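Input: a single structure, listed below in structure tokens.
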Amino acid sequence: MARRKAVAQKNRNAPSWATSLRSNANMELKRKVRLVTEQNVIDKPSPVEDFPMRKWSIVIYIVGEDGEEHPADCFQKVVYNLHPSFENPTQTFTKPPFRCENEGWGEFDMTIDCYITEKSKQSLSHDLNFAKNRYDAEHTVSFKNPSQALQQILRETGPLPSDDDRLKKKGGAGKKGAQKYDYEKIAQALEKLDEDDLLRVIQIINDNKTADTYIKSDVDGELTPASPGVDLLSGQFSLRWEVEGPAWYQQQTT
């Protein structure tokens, strides 16, 4: 009866994925965007005296925790809004590193629109100048309530707030897992259970398994501990177990 109450109480609790959705509802992630500009004088006539023609390019990266550059896969497309004197002043690119390359003689300010989705964008101001052959400019961008797919992309450039919770849970689980248990006593207790009780134990394990729980079937299998989650002796949800197949239980009841 105690076990049934414990299972019923467990079922009344909100599922973990629902809790995860609530915690992500107000998530805001920040990342640094690096604009890398390169320019060089080229051997072409300039329409303006004393202002040589130049070839310039801009590429975009996401900056990691250690300053390393990652592809800006978090953006679906990037739109460069150049000086109106250009023949094609609005230039769109859909693949990292979103390289924009042009020729010209003058410096100017531009706006770069980085689209996270078709309707959501981050606008960056950029100063195109010829003081150096290469220079970097960094901006901070925000991602509000990112989708699961976008979270996975951003995780490659740095941790997410939810990752801290996982580490804490794993740390607590490790401490519990370090405890010692009398496995012979557990096996003896299981042998005394009838078939219905054994099936109920299996159900408890299956109901409370997580991504860290591994269950496999083996006719020659035996009961072994895996990771925290279910305690078979007390019926409390404090240890998870790895059970190698229902066949082992059937052998004990025949």
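So in full-length UniProt numbering, the last spot in the sequence shown is 254, and the numbers never skip. Backbone N, C-alpha and C define an ideal beta-carbon position, used for all residues, glycine too. Source: prediction; values computed, not measured.
Residue 69: not part of any alpha helix (DSSP H); member of the beta strand (DSSP E) spanning 69–71, first to last residue.
Inclusion of residue 76 and residue 112 in the CB contact set at 9 Å is not warranted, their separation being larger than that value. The C-beta distance from residue 36 to residue 59 rounds to 5 Å, short enough to fall under 8 Å. Annotated three-state conformation of residue 200 is helix, per DSSP. With the rule of 3 Cβ pairs closer than 8 Å, the region 123–136 counts as touching the region 36–48. Three or more Cβ pairs closer than 8 Å define a contact, and the region 42–57 falls short of that threshold against the region 68–87. Sorting 156, 30, 104 by C-alpha distance to the C-alpha of residue 56 places 104 at the top.
Remark: C-beta atoms of residue 72 and residue 100 do not approach each other more closely than 9 Å.
The shortest CA-to-CA distance from residue 144 to any of 156, 127, 121 is the one to 121. In this chain, residue 76 is not harboured by any beta strand (DSSP E), its DSSP state being neither H nor E. 79 is the residue among 127, 79, 109 whose C-alpha sits nearest the C-alpha of residue 95. In the DSSP secondary-structure assignment, residue 90 is bridged to 81. Nearest in C-alpha terms to residue 86, of all of 98, 52, 102, is 102.
A residue is called buried once 16 or more other Cβ atoms fall within 10 Å of its Cβ, and residue 155, having fewer, is exposed. When the alpha-carbon of residue 98 is set against those of 125, 61, 128, 89, the nearest one is in 61. Spatial neighbours of residue 108 in its own chain (CB-CB distance under 7 Å, excluding positions within 5 residues in sequence) are listed in chain order as 83, 128.
Cβ neighbours of residue 90 within its own chain (closer than 8 Å, five residues either side excluded): 79, 80, 81, 82.
Here the alpha carbons of residue 63 and residue 153 stand approximately 13 Å from one another. Note on geometry: alpha-carbon atoms of residue 196 and residue 186 lie some 17 Å from one another.
By the neighbour-count criterion, in which 16 or more other beta carbons inside 10 Å mark a residue as buried, residue 140 falls on the exposed side. Among the bridge pairs identified by DSSP, residue 39 is matched with 56. Here DSSP, grouped into helix, strand and coil, assigns residue 144 to strand. In the DSSP annotation of this structure, the continuous segment of the beta strand (DSSP E) that includes residue 103 starts and ends at 100–104. Per DSSP, residue 121 is one residue of the beta strand (DSSP E) stretching across 121–128.
Within the model, the alpha-carbon separation for residue 74 versus residue 30 is close to 12 Å.
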